[in-house]
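What follows is a set of notes on a single structure, which appears directly below.
Protein chains in written order, with the numbering used here: chain S, 2 to 339; chain W, -19 to 162; chain L, 33 to 710.
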C-alpha cells in the first residue's frame, strides 16, 4: 500500500478515568499483548493514562463520532460530570466500566457524610497542618486572572445517574480476561460477525452469583457468629466461608470474576455488584445473612449481629450510590452543604 | 388574628401478615376501635416475606416511618417465618441507624388475629413517637437529579431546615469543627 | 397494549360513605389515575350485591377492561366474590384486586378529610400493585383415595369410621398398644352418666373389624413427605414380640408372667400390670405387647414363661420393628391431650400427700374394672372417705401456669361430686372460680348435683395441708380457701381431695406438628385455618385436625370435629383432584448459584437442593406461599406469584404518591395533599 494512501477509518475508542483510582486502566493494560490488537482495531482518541490528549480535540469531533467510550471512575467533581456529558454527546455507545462508574464503588461510601464533614475530616485532622483552617474553594482570584477548580459535588454519582448509559462492565476492577472478551465481542459486533447486546446489558459478567463459581462445599446455612480473619489457618479451606462465620458477600454478588477471593480464603467483598434485576444490593445481603442466623430471641440475635461492626460498609461497600437510600442522611441535609 | 400552627402528620407504611396482624387490623375495624389515620397498611402473606428492600423503598419514597407486624413468635401460621422477620428487622435497624435514620422509625409489633385493640394502640403509639421525631424527608426516591442545584431545589421543596448536619456516625466531629474555627 | 383498568368504590351503605367522601374519591380516581390506565371509575352502594357485581361484569365486557380494582371491605370477606365475578365475565380472576377502605379506613378513623385522603392513597397503592398482577392459574393435583388417621382416641375413631363407611381406605396409627385414648380410662361421662366404655367399645370394635380400616397400634409416624393428595408417610410399627397372626388373645401369657410393673399409662400409676400385657380387657386389638425394658428375658436372658405357656407359639423374642410406607391423599391428626401435671403446684400436695388424687386417677378409682373395683376408697385401698374436696381449675385460668380454661373440668368435677355422693354418701365440697356449664343439659346436671347435697364454694384453693391447726383436723387434709361469696376464710377438713387439672397439649406436640408441616401455638395446640369458620383444617392443605389436639373440648365437640374432618376428606376424595392457590415461589435455575441460603428456611420442606446441578428448587405443590425464601434469596433468584417484588414495591410507591404531589396543590374538595410540614 502506498505510504500516502489513507487507511480505512478505524472506529474511534475513548477511555476515560473520571473519579478513578487508575485500577481499571491497569486492568485494561493487563490484557497484555492483546493491547496491540486493540490498537489495531480502534483509533484511540482519548486515554489520558497512556497518551496525550486534549479535551478540545474531543469537543471538535462531530456528535456520535466516537464509536465507543469506556468510562471508569465516579462522577465526583464538576469536571467528571462535564466530561461524561461531553463524551456522551460525542459517542454512539457509552459503557460504564468498572464498579465506580456502574455503582459508585468504595468512594460511594463518602455519601454517608456531607461535603462539609468530608472536608472537616480531611483538612482538620490532627495530622493535617492547617492552622488557618483553609478549605478548598472553587474560585481563586490570582493577579493574572481568576482560576476555577472543578467543584467537588455534594454527592458522588454513578455514570448512569448523570448520562444515558448503553452497557455496564462491573468489577473493581473488571477481570482482565473479561475485558478482553468484551472487547472481542465489540469488535465482532462492529464487523457484523457477532450480535450487539441489547441496550442496558451487563457485559463481562455471569448470570448468577459468585457462589456459582466458588468450589467450596456448601451446606444448609446456620450462622452463629460473624468474625474477621485473624488467623487464616483457623478456617477450613474446603468449606463455605459464610458458614464459618466470615461475612462473604458472594451469595449476592454477580458472578464473572471466577470467585478468586474465596479461592484463597478471603471472603468476597462484592466488587462485581448486584445480580440481575436486584433493586438494592445491600438489602439482599442483609436479608440473606439475617434469615440464616441461628438465634430466635432478640438478645441472642444481637450478640451474633455485633460481629458485623460496620453494617453500611459491609452491605454497601461498593453499591451505596445506587442503593435505594443512596447515602447517609447528613449527606442530604441542606443539599449536602453545611 | 390567630395563626394556626400546622401539626406534622407523619406518613407511616405498615407491613402486616395475612393471618395475624392483618386480621387484627380488620378486627380493629369491625370493633370500630379508632386510631390515627397516618398509617397505610400493606398485606403480605407472612411477615417472613418482609424484604429489607421494602423498608428502604418506603423510606426512600417519603415514608416517615415503617412498621412491621406479624404473628407472635410461636404462633406464625407458617410455623416460624416471623422469626426471620425479627432477625432482618434487627439487622435493618443497625444499618439504617448508620445511615442517619433514627432506629425508632422502624418498628416491629407482634399482634395475633384476636388483638385488634392492641394493634390499634400500638399504631397510635408509633404515630406519636414518629410525630415527635419529625419528618424524615428522604429525597432519594424519584425526585429527579442529584446534582447540587437539583438537591437544593428538592431540599427546599421539602422545607429543609438550615443549620449543620446532625451528630451521626461518620458525621461531624466536634473537635474537628473546633479546630476549623481556630 | 395499554391497560384498561376499572376502579369501583363501594359505599357499603354508610359504613364507608359516612366517613370517606366516596364520590370525591371516585371522581379523583377517574381523573388523576387516568394516566395510570384507569378508564372507568364508578361508585356504588353495595359492590358485593348482585347488581354491584353485574356492574363490574358489564364493564369488563363492554369497556374491554384488562384489570379491576375494587375499594370496599376486607379481602378476607369478598376477594373471592369479585374474583369470581371477573371470571364469569371472562377476565382472569387474579387480575382483580380488592383493597379495604372500610376496616382499614372508614371504620377506624374519625377525621373525614384524612380518611378520604387515605382512601385515595390506598386505592393508588392497590392500583400500582394491580398493574403488576399476572393471570395465574390454580395448580391441579390428583387426590389419593386413602387416608391416614393419627391417633386412636374417640376423635380418630369417629373420623376413621366415617371415611371407611363411605367406602374409602383408612390407615390408623396409634402410639399405645390399644386404641381408645383417654375416653377408655373414664368411668361415666357427663351429663348422661353413660358408662364411657359402653359407648366407646362398640366403636373400637367397629374400627378393629372394619374391612376398610388398617389398624396399626404400638406404632408411630416417622416421616411425612409429599403434599396434599400425594403424601408418602413412613410408619414404624414397634415390635410387640407377639406374632399377631398366631395370637388368639387368650391371655395366658400375661396371666402367668411373673414380672409386675407399675402401670403409669392406663392405670395412671395406681396399680401394676405385667411385663407382657394388654392395657385393658376391651383393648383393640387384643394382642398383648411385651415391655422390653421391664422383661426378665431381655434383662437377664431367663424366664420366657410366656413363650413356654403360649398355646399357639405366638411369642417371638426376635421380632423387629417394622418400618413401612403408605401413600395417602389426606391426613387427620387426632392425637389428643396430656393432663396438666399437678405436682408443679406444691401447695396442692399432689405427689406428696397420699390422698390427693388427679381426675384421671379418680376415673380409674370409680371404674368398676379399675384398681379398686369401682369403690371410692383412699390410697390405702380400703378406707371409705367421709368427706371429699374437689378442686376446679388446677393449673387453669392461672397466670402462673395456663391462662386458658380447659372447658370440661367444671362438668367433670360436678360429675365426681355426684359419683362420690352416690357411692359413699360422703360430704362433698367443690371449690370453683366460676361454674362453666355451656352444653346441652349441663346446667341442669349442676342443679341436680346441688340438690343432691353437693356443697359449692366459690374460691380458689390456697393450700391443702395435712398439718392440723384446729380441732377436728387431725388425720384430715385441710383445704384452706377464701369463700368469696361468704366473704371469709375457711378451713375445710376432708379425707380425700380430687384435683381437676387442666388439659394440655401433648408433651411432644411441637415436634409432631413439625413432622406434618403444620403450626402449633405457643401453648402447643394445633392451629386451625380459621378459629370460627374452619376449625378442622390447617394451613397445610391435606392435613386436618380433630379433637383436643386443636384445643380443650368435651366428647360431643370432639366427635363433631372428627366427623367434620372426615366429611372434608371424603369431599376431597370424591372430587378426585384439588385446586391449589397459585400463590407460591419458584427458583430461576439460571440465576440460582446454589448458595443454599434458602435451604433451611422452609418449614414445609418445599425447598430441595440438587447436588448434581448445584441449584435449589421449590416444589410447587408443597409451597405454602409464605414468601420467606423470596425475601431471603441474595441473588434475587426466587420469585413469588401473587406477592412479587414488583407488586409490593409498586404498592409502596402508590401509597406514597399523594405525598409527592406538588405542595399547595389541592383537589376540588379543597383538601390539601399531605406533605411533610415543619
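Virtual Cβ for every residue (Gly too), placed ideally from N, Cα, C.
Interface residues of chain S facing residue i [CB-CB closer than 8 Å]
{"i": "residue 79(W)", "result": "113, 313, 326, 328, 329, 330"}
{"i": "residue 118(W)", "result": "326, 330, 333"}
Euclidean distance between Cα positions of residue i and residue j
{"i": "residue 327(S)", "j": "residue 232(S)", "result": "35 Å"}
{"i": "residue 122(W)", "j": "residue 38(W)", "result": "At residue 122(W) the pLDDT is 44, less than 50, meaning the model places this residue with poor confidence; the figure from the coordinates comes in the next sentence. Approximately 12 Å between the Cα atoms of the pair."}
{"i": "residue 104(S)", "j": "residue 165(S)", "result": "14 Å"}
{"i": "residue 414(L)", "j": "residue 228(L)", "result": "25 Å"}
{"i": "residue 115(W)", "j": "residue 519(L)", "result": "58 Å"}
{"i": "residue 2(L)", "j": "residue 473(L)", "result": "Examination of residue 2(L) is not possible in this model, given that chain L is present from 33 through 710 alone."}
{"i": "residue 264(L)", "j": "residue 123(L)", "result": "37 Å"}
{"i": "residue 568(L)", "j": "residue 212(L)", "result": "21 Å"}
{"i": "residue 30(S)", "j": "residue 71(S)", "result": "14 Å"}
{"i": "residue -3(W)", "j": "residue 659(L)", "result": "11 Å"}
{"i": "residue 158(S)", "j": "residue 16(S)", "result": "19 Å"}
{"i": "residue 314(L)", "j": "residue 380(L)", "result": "34 Å"}
{"i": "residue 109(L)", "j": "residue 156(L)", "result": "21 Å"}
{"i": "residue 492(L)", "j": "residue 505(L)", "result": "20 Å"}
Boundaries (first-last residue) of the beta strand (DSSP E) holding residue i
{"i": "residue 87(L)", "result": "Residue 87(L) -> not in any beta strand (DSSP E); alpha helix (DSSP H) instead, spanning 82 to 94."}
{"i": "residue 671(L)", "result": "670 to 672"}
Contacts that residue i makes with chain S (C-beta to C-beta distance below 7 Å)
{"i": "residue 628(L)", "result": "219, 220, 221, 222"}
{"i": "residue 31(W)", "result": "284, 288"}
Opposing strand residues paired with residue i [DSSP bridges]
{"i": "residue 421(L)", "result": "461(L), 529(L)"}
{"i": "residue 362(L)", "result": "179(L)"}
{"i": "residue 470(L)", "result": "Bridge partners of residue 470(L): none, in fact."}
{"i": "residue 174(L)", "result": "609(L)"}
{"i": "residue 510(L)", "result": "497(L), 525(L)"}
{"i": "residue 658(L)", "result": "Paired residue(s): none; residue 658(L) is not in a bridge."}
{"i": "residue 379(L)", "result": "DSSP, once it has assigned bridges, lists no residue as partnering residue 379(L)."}
{"i": "residue 13(S)", "result": "44(S), 67(S)"}
{"i": "residue 218(S)", "result": "240(S)"}
Chain W residues whose Cβ lies nearer than 8 Å to that of residue i
{"i": "residue 134(L)", "result": "9"}
{"i": "residue 571(L)", "result": "-1, 57, 58"}
{"i": "residue 141(L)", "result": "14, 15, 16, 17"}
Buried or exposed (CB count within 10 angstroms, at least 16 for buried), residue i
{"i": "residue 315(S)", "result": "buried"}
{"i": "residue 331(L)", "result": "exposed"}
{"i": "residue 444(L)", "result": "buried"}
{"i": "residue 582(L)", "result": "buried"}
{"i": "residue 152(L)", "result": "buried"}
{"i": "residue 139(S)", "result": "exposed"}
{"i": "residue 229(S)", "result": "exposed"}
{"i": "residue 356(L)", "result": "exposed"}
{"i": "residue 65(S)", "result": "exposed"}
{"i": "residue 145(S)", "result": "exposed"}
{"i": "residue 93(L)", "result": "exposed"}
{"i": "residue 639(L)", "result": "buried"}
{"i": "residue 222(S)", "result": "buried"}
{"i": "residue 31(W)", "result": "buried"}
Chain-ordered chain L contacts of residue i [CB-CB under 9 Å]
{"i": "residue 247(S)", "result": "The contacting residues do not exist; residue 247(S) stays about 14 Å from chain L at best."}
{"i": "residue 171(S)", "result": "The premise fails here: residue 171(S) is roughly 14 Å from chain L at the closest Cβ pair, so nothing lies under 9 Å."}
Segment limits, alpha helix (DSSP H) that includes residue i
{"i": "residue 161(L)", "result": "144 to 163"}
{"i": "residue -6(W)", "result": "Taken as a continuous stretch (DSSP letters only), residue -6(W) belongs to no alpha helix (DSSP H), being part of the beta strand (DSSP E) at -8 to -3."}
{"i": "residue 333(S)", "result": "330 to 333"}
{"i": "residue 689(L)", "result": "677 to 689"}
{"i": "residue 441(L)", "result": "441 to 456"}
Cutoff 8 Å: residue i Cβ touching any chain A Cβ
{"i": "residue 205(S)", "result": "This model lacks chain A altogether; the protein chains it does include are S, W and L."}
Interface residues of chain L facing residue i [CB-CB closer than 8 Å]
{"i": "residue 22(W)", "result": "157, 680, 683, 684, 687"}
Neighbour list for residue i in chain L, Cβ cutoff strictly below 7 Å
{"i": "residue 213(S)", "result": "625, 626"}
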